[in-house]
Amino acid sequence: WQERLQKLQEEQGEIEVPEGFCRVGCGRRCAPGLTRAKRSYTTCCRGCIMGFGHDRLCGHIDPSKVGEGLCKNGCGLKVAPGTDSKGRPLTTCCRGCALGVAHDKMCQ
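Here is the structure:
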C-alpha cells in the first residue's frame, strides 16, 4: 500500500482553479463574505478544505445576506454584540445559529 500511496503522490500535480472557485478543486464557488482577517474566502466551506466533504451550508448561503455586521451563516440577522472567549468579536447572530440549529430566544 505504501508503494501505491507514493505513486499517487508523485502523479498528483497542481490543480488549476479559476478565480472565485474553491481552491480544493471541487468545482463550487468560494463561500461569500470575508474571513476574520477581512480577506475573501478561498474555499467553498470548512469541510471541503479539511477533507470531510461539504458542510451543511455549503453553497446555500445567499451572498446578499452576508457582509459587514451580518451573521456569517447567511441568515441575514445582525451579529450579536460582544466577544468570544479569546476576545475576538462574535461572527454569528446567536449561539443557535453558530451551532447550526434554530435561533435562540435572545437572537435579535
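Be aware that the sequence shown starts at 1462, since it is given in our numbering, and climbs by one per residue.
Beta carbons are placed, not taken as given, at the ideal position from N, Cα and C, and that holds for glycine.
Bear in mind that the values here come from a model prediction, so they are computed numbers and not experimental data.
Comparing alpha-carbon positions, the option among 1568, 1546, 1509 lying closest to residue 1536 turns out to be 1568. Residue state for residue 1542 is assigned as coil, using DSSP reduced to three classes. A straight-line Cα-Cα distance of about 45 Å links residue 1465 and residue 1557. Here the C-alpha atom of residue 1541 lies approximately 33 Å from the C-alpha atom of residue 1487. The Cβ-Cβ distance between residue 1517 and residue 1549 does not fall below 8 Å.
For residue 1510, the uninterrupted alpha helix (DSSP H) segment begins and ends at 1507-1511. For the 8 Å CB-CB criterion, residue 1553 and residue 1532 form a contact.
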